[in-house]
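Residue numbers (the numbering used here): 40 to 176.
For each residue, glycine too, the CB sits at the ideal point set by N, CA and C.
Below you'll find the structure, written out as structure tokens, and then a few comments.
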């Protein structure tokens, strides 16, 4: 929201439409342009949908990988599916999305930046945050 208010054009990506709708309504008068994309960064199809939606917006100066999921359960109860989903959303998806967007980022002449959001839980473990903490270092 602050970037939009500062006049920066933003593409917001999420799996669920409702939070994207809320974001759109909260920044109606902002000078920056907001484009929202409903896609799952954990899937190849989602990554391709994100990459395909960006060319119309001009140069890509910043990429913020902020997706994050984790099953709130004790480590002894985590299933392989839980772990794989956390890794797909928190690690693998952002990695391969960044790869797909490298040509757009490099087109900015070395001025583009990628920010991968982690979590303090990765260093200060709390009960029930195993898959999230492991994947957000």
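Quiz prompt | Proximity below 8 Å, CB of residue 154 to CB of residue 103 | solution = yes
Quiz item: How about the region 59–71 and the region 107–117: do they share at least three Cβ pairs that are nearer than 8 Å?
Solution: no
Quiz item: Applying the criterion that 16 or more other CB atoms from any shown protein chain within 10 Å of the CB defines a buried residue, is residue 51 buried or exposed?
Solution: buried
Self-check item: Given residue 146 as reference, the closest of 85, 61, 98 once Cα atoms are compared
Solution: 98
Quiz item: Going straight from the alpha carbon of residue 44 to that of residue 139, what length do you get?
Solution: 28 Å
Quiz item: Closest by CA to residue 134, which one among 115, 156, 122?
Solution: 156
Quiz item: Counting along the chain, where does the alpha helix (DSSP H) carrying residue 53 start and finish?
Solution: First-last for residue 53: 49–53, but that is the beta strand (DSSP E), not the alpha helix (DSSP H).
Exercise. Could you tell me the boundaries of the beta strand (DSSP E) in which residue 73 lies?
Key: 73–77
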